[in-house]
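Worksheet: the structure to be examined is printed underneath.
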Amino acid sequence: MLIEQVTAVTDELVEAFQRLTPQLTTNHPPPSRADLQALVSFPGSTLLVARESATGAIIASATLSLLRTPTGVHARLEDVVVDGAARGRGVGEALTKEVLRLAKVSGADYIALTSNPKREAANRLYQRVGFKKWETNVYRMNL
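According to the numbering used here, the sequence shown is numbered sequentially starting from 15.
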């Protein structure tokens with residue numbers, strides 16, 4: 015398996031997100047080429063993809079988002095998705111561990127994530143690699 019940081023948006027990347035995004039959420043359409051370009055060039059965001067081999071197709075993705083606040087550098091693991099055909103082979107774990115490594119290297123004080131309780135395998139993975147459930151109120155406002 016190969017994990018790589020995306021530095022350029024290609025047709026392959028756009029196609030991969032057309033396939034992967036609906037496996038993650040039905041609340042948002044797949045990102046456009048412009049959306050992916052904005053993500054790749056956005057300071058504080060790192061988009062990773064996984065392939066089965068150096069010449070294989072993209073089978074998964076994850077995003078590391080870093081935020082500097084007055085209290086330090088904080089990280090978030092966002093939008094981890096593994097293609098259904100590649101699940102159960104450690105791809106999600108490898109991506110998650112790479113995001114954790116990059117967050118540490120970036121000086122983050124902590125890393126947080128949210129995961130739908132229905133994503134049982136993902137929730138087990140996050141606990142297995144060391145995430146702890148955080149008791150808090152989460153507020154959200156659509157803008």
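Positions of the beta carbon are idealized from the N, C-alpha and C atoms, including for glycine. Just so it is clear, the structure is predicted and the values come from calculations on it, not from any experiment.
Rounded straight-line distance, which links the Cα of residue j to that of residue i
{"i": "T150", "j": "T69", "result": "43 angstroms"}
{"i": "A71", "j": "R65", "result": "6 angstroms"}
{"i": "L116", "j": "R142", "result": "19 angstroms"}
{"i": "K147", "j": "L91", "result": "14 angstroms"}
{"i": "L61", "j": "V20", "result": "6 angstroms"}
{"i": "G31", "j": "R47", "result": "Note that residue 31 is Phe in the sequence shown, not Gly. The straight-line gap from Cα to Cα measures roughly 10 angstroms."}
{"i": "T83", "j": "I125", "result": "14 angstroms"}
{"i": "R138", "j": "G98", "result": "17 angstroms"}
{"i": "S59", "j": "E29", "result": "20 angstroms"}
{"i": "E112", "j": "M155", "result": "30 angstroms"}
{"i": "N41", "j": "S129", "result": "14 angstroms"}
{"i": "R103", "j": "S55", "result": "30 angstroms"}
Delimiting residues of the beta strand (DSSP E) encompassing residue i
{"i": "A64", "result": "59-65"}
Segment limits, alpha helix (DSSP H) that includes residue i
{"i": "D49", "result": "47-55"}
{"i": "G106", "result": "105-119"}
{"i": "T35", "result": "25-38"}
{"i": "E134", "result": "134-142"}
Residue i classed as buried or exposed, judged by whether at least 16 other C-beta atoms fall within 10 angstroms
{"i": "V152", "result": "exposed"}
{"i": "T77", "result": "buried"}
{"i": "A52", "result": "exposed"}
{"i": "A100", "result": "buried"}
{"i": "T110", "result": "buried"}
{"i": "A22", "result": "exposed"}
Cβ shell of residue i (< 7 angstroms), same chain only, five flanking positions each side left out
{"i": "V96", "result": "I73, A74, V105, G106"}
{"i": "S67", "result": "L16"}
{"i": "L4", "result": "Summary: the structure shown does not reach residue 4, with the chain confined to residues 15 through 157, and so no result is reported for it."}
Contacting residues, own chain, Cβ-Cβ under 8 angstroms from residue i (five flanking each side not counted)
{"i": "V87", "result": "L80, L81, S120, G121, A122, D123"}
{"i": "A108", "result": "M15, I17, A64"}
Interface flag, residue i vs chain C, CB-CB below 9 angstroms
{"i": "A71", "result": "The chain labelled as chain C is not found in the depicted structure, where only one protein chain is given."}
For residue j and residue i, believed in contact at Cβ under 8 angstroms, the rounded distance
{"i": "A135", "j": "V94", "result": "In fact, because the Cβ distance is near 11 angstroms, the residues do not count as touching under 8 angstroms."}
{"i": "Y140", "j": "L127", "result": "7 angstroms"}
{"i": "P57", "j": "P44", "result": "About 23 angstroms; that fails the 8 angstroms criterion."}
{"i": "L34", "j": "L50", "result": "No, L34 and L50 are not in contact; Cβ-Cβ is about 12 angstroms, not under 8 angstroms."}
6 angstroms CB neighbourhood of residue i in its chain, flanking five on each side removed
{"i": "G131", "result": "Reading off the sequence shown, one finds Pro at residue 131, where the question assumed Gly. For P131, where only same-chain residues beyond five positions count, there are no Cβ hits under 6 angstroms."}
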